[in-house]
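Below is one structure, written out as structure tokens; comments come after it.
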Amino acid sequence: MSALGRPAYRAKQLSAHYFGRLTTDPAAMTDLPAADRESLAEAFLPRLLTSVRSVACDDGSTRKWLWRTFDGALVESVLMRYPDRATVCISSQAGCGMACPFCATGQNGLTRNLSTGEIVEQVMVAAREMAKTGDRLSNVVFMGMGEPLANYKRVLAAFHRITDAAPDGLGLSQRSVTISTVGLVPAIKRLTAEGINATLAVSLHAPDDELRDTLVPVNSRWKVAEVLGAAWEYAERTGRRVSIEYAMIKDVNDQPWRADLLGRLLAGRLAHVNLIPLNPTPGSDWDASPKAVEREFVHRLRAAGVPTTVRDTRGREIDGACGQLAAAEV
Numbered sequence: 001m002s003a004l005g006r007p008a009y010r011a012k013q014l015s016a017h018y019f020g021r022l023t024t025d026p027a028a029m030t031d032l033p034a035a036d037r038e039s040l041a042e043a044f045l046p047r048l049l050t051s052v053r054s055v056a057c058d059d060g061s062t063r064k065w066l067w068r069t070f071d072g073a074l075v076e077s078v079l080m081r082y083p084d085r086a087t088v089c090i091s092s093q094a095g096c097g098m099a100c101p102f103c104a105t106g107q108n109g110l111t112r113n114l115s116t117g118e119i120v121e122q123v124m125v126a127a128r129e130m131a132k133t134g135d136r137l138s139n140v141v142f143m144g145m146g147e148p149l150a151n152y153k154r155v156l157a158a159f160h161r162i163t164d165a166a167p168d169g170l171g172l173s174q175r176s177v178t179i180s181t182v183g184l185v186p187a188i189k190r191l192t193a194e195g196i197n198a199t200l201a202v203s204l205h206a207p208d209d210e211l212r213d214t215l216v217p218v219n220s221r222w223k224v225a226e227v228l229g230a231a232w233e234y235a236e237r238t239g240r241r242v243s244i245e246y247a248m249i250k251d252v253n254d255q256p257w258r259a260d261l262l263g264r265l266l267a268g269r270l271a272h273v274n275l276i277p278l279n280p281t282p283g284s285d286w287d288a289s290p291k292a293v294e295r296e297f298v299h300r301l302r303a304a305g306v307p308t309t310v311r312d313t314r315g316r317e318i319d320g321a322c323g324q325l326a327a328a329e330v
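Numbering follows full-length UniProt numbering, in which position 31 of the sequence shown is assigned residue number 31; successive positions increment by one, without gaps.
Set out below in structure tokens:
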């Protein structure tokens with residue numbers, strides 16, 4: 001502000017409009033001098049994301065946006081409305097460098113990290129969309145494109161903008177934000193030391209190192225035991241259940257013995273398993289596990305005392321479900 005010759009408190013006013021009133025329209029900023037509104041909004045609230053396409057499904061309760069950044073990178077975000085909540089799934093990177101073979105995002109490689117502003121703007125778009133019907137955004141999940149903990153500083157900064165009270169942030173509960181990871185152990189430990197209360201989600205997908213080395217290539221660096229060990233440290237510090245994400249892939253990771261092994265690894269731990277029916281992606285020969293196999297997997301985990309649910313596959317027909325975000329323009 002000082003560089004523009006304006007008082008510092010103008011920044012707070014702009015922030016209050018952005019986070020508190022959910023607007024970037026200079027005309028609505030009547031507490032700012034009329035002569036300064038356009039220039040201040042342009043300088044401090046620039047357009048970071050340009051909508052390429054917006055598509056809906058599930059009777060309008062699921063909406064996916066394709067965004068273009070200032071340098072042409074493409075990212076996607078998905079808003080899902082449920083009877084009791086509204087969740088936005090946001091991207092932390094353009095593309096992803098983790099190369100998980102069953103995920104469309106990973107097949108395209110990593111373009112770049114998103115900035116804090118680009119991450120936050122995805123949330124603000126969803127919040128403004130909810131406000132159109134007099135509703136509020138309740139949950140944010142860092143489960144879109146990219147590995148959140150590979151963009152650690154910007155994701156953490158975005159987390160604080162999402163959860164800090166207005167005018168500094170959107171004011172969502174820390175517990176309503178989920179940060180996912182394929183298992184970057186040093187970053188999980190770093191997150192534990194931050195003292196935040198986000199939900200940690202670990203994309204495990206296999207209980208044994210032999211298979212996980214293939215499904216989640218970073219496992220060759222940090223093995224299952226190390227990943228879960230770091231997750232338990234996070235759970236112990238926060239008192240929050242860790243969400244174990246597990247894509248059910250026919251004849252690959254859905255065998256009864258793998259359910260039993262997973263149950264032994266998680267029994268007695270502060271954890272919840274979220275089984276994800278594999279969503280179709282272009283060029284993949286893999287299919288989702290049959291429902292009977294899925295039910296047996298759930299039964300075995302629950303018999304081991306592990307809370308288990310099967311994810312609602314929202315957005316599949318618009319390629320907006322888990323593992324389908326590829327940011328394709330056509």
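Beta carbons: idealized from backbone N, C-alpha and C, even for Gly. Here the structure is a predicted model, which is why all the values come from computation and not from measurement.
Taken atom to atom, the span from the alpha-carbon of Thr181 to that of Ala35 is near 46 angstroms.
Inter-residue distance for Ile244 and Gly109 is about 24 angstroms (C-alpha atoms, whole angstroms). DSSP assignment within the segment 46–114 yields the following whole beta strand (DSSP E) runs of 3 residues or more, N-terminal first: 49–57, 62–69, 74–81, 86–89, 93–95, 110–113. In this structure, the beta-carbon distance from Leu301 to Ala259 falls below 9 angstroms. Of all C-beta pairs linking the segment 169–184 to the segment 204–223, three or more are shorter than 8 angstroms, placing the two stretches in contact. Per DSSP, reduced to three states, the secondary structure at Leu228 is helical. With contacts defined as CB atoms closer than 9 angstroms, Leu215 and Phe102 qualify as a contacting pair. Only residues of its own chain outside the window of five on either side were considered, and among them Ile90, Ser92, Pro148, Val155, Thr178, Ile179, Ser180 have a CB closer than 7 angstroms to the CB of Phe142, listed in chain order. Here Gly146 has Ser91, Ser92, Gln93, Cys96 as same chain residues with Cβ atoms under 6 angstroms from its own Cβ, once five neighbours each way along the sequence are excluded. Ranked by how close their Cα comes to the Cα of Gly20, the residues Asp168, Asp58, Ser39 have Asp168 in first place. Distance from the CA atom of Asn253 to the CA atom of Glu42, rounded to whole angstroms, is 51 angstroms. Linking Asp251 to Thr308 through their CA atoms gives a straight-line distance of about 20 angstroms. Taking C-alpha positions only, Gly195 is separated from Asp285 by approximately 42 angstroms.
Cβ neighbours of Ser54 within its own chain (closer than 8 angstroms, five residues either side excluded): Arg63, Lys64, Trp65, Leu66. No residue range can be given for Thr281, since it is assigned to no beta strand (DSSP E) and is classified by DSSP as neither H nor E. Distance from the CA atom of Asp312 to the CA atom of Ser115, rounded to whole angstroms, is 30 angstroms. In this structure, the alpha-carbon of Val123 lies about 15 angstroms from that of Ala166. Judged by DSSP secondary structure, Leu200 falls outside any alpha helix (DSSP H) and instead within the beta strand (DSSP E) spanning 199–203. Just so you know, the alpha carbons of Asn279 and Gly268 end up roughly 30 angstroms apart. In this structure Pro282 is exposed. Its beta-carbon is surrounded by fewer than 16 other beta-carbon atoms within 10 angstroms. Residue environment analysis places His17 among the buried positions, since at least 16 neighbouring C-beta atoms fall within 10 angstroms of its C-beta. Annotated three-state conformation of Thr178 is strand, per DSSP.
Assignment of Ala271 by DSSP, reduced to helix, strand and coil, places it in the strand class. Ala247: not part of any alpha helix (DSSP H); member of the beta strand (DSSP E) spanning 242–248, first to last residue.
Judged by DSSP secondary structure, Val310 falls within the beta strand (DSSP E) whose first and last residues are 308–310. The Cβ atoms of Ala157 and Arg175 lie no closer than 9 angstroms to each other. DSSP links Val141 through a beta bridge to Cys89, Thr178.
Looking only at Val78, Arg295, Thr87, the smallest Cα-Cα distance to Ala56 is reached by Val78. When Asp208, Val120, Leu262, Glu233 are compared, the shortest CA-CA separation from Ala303 is found for Leu262.
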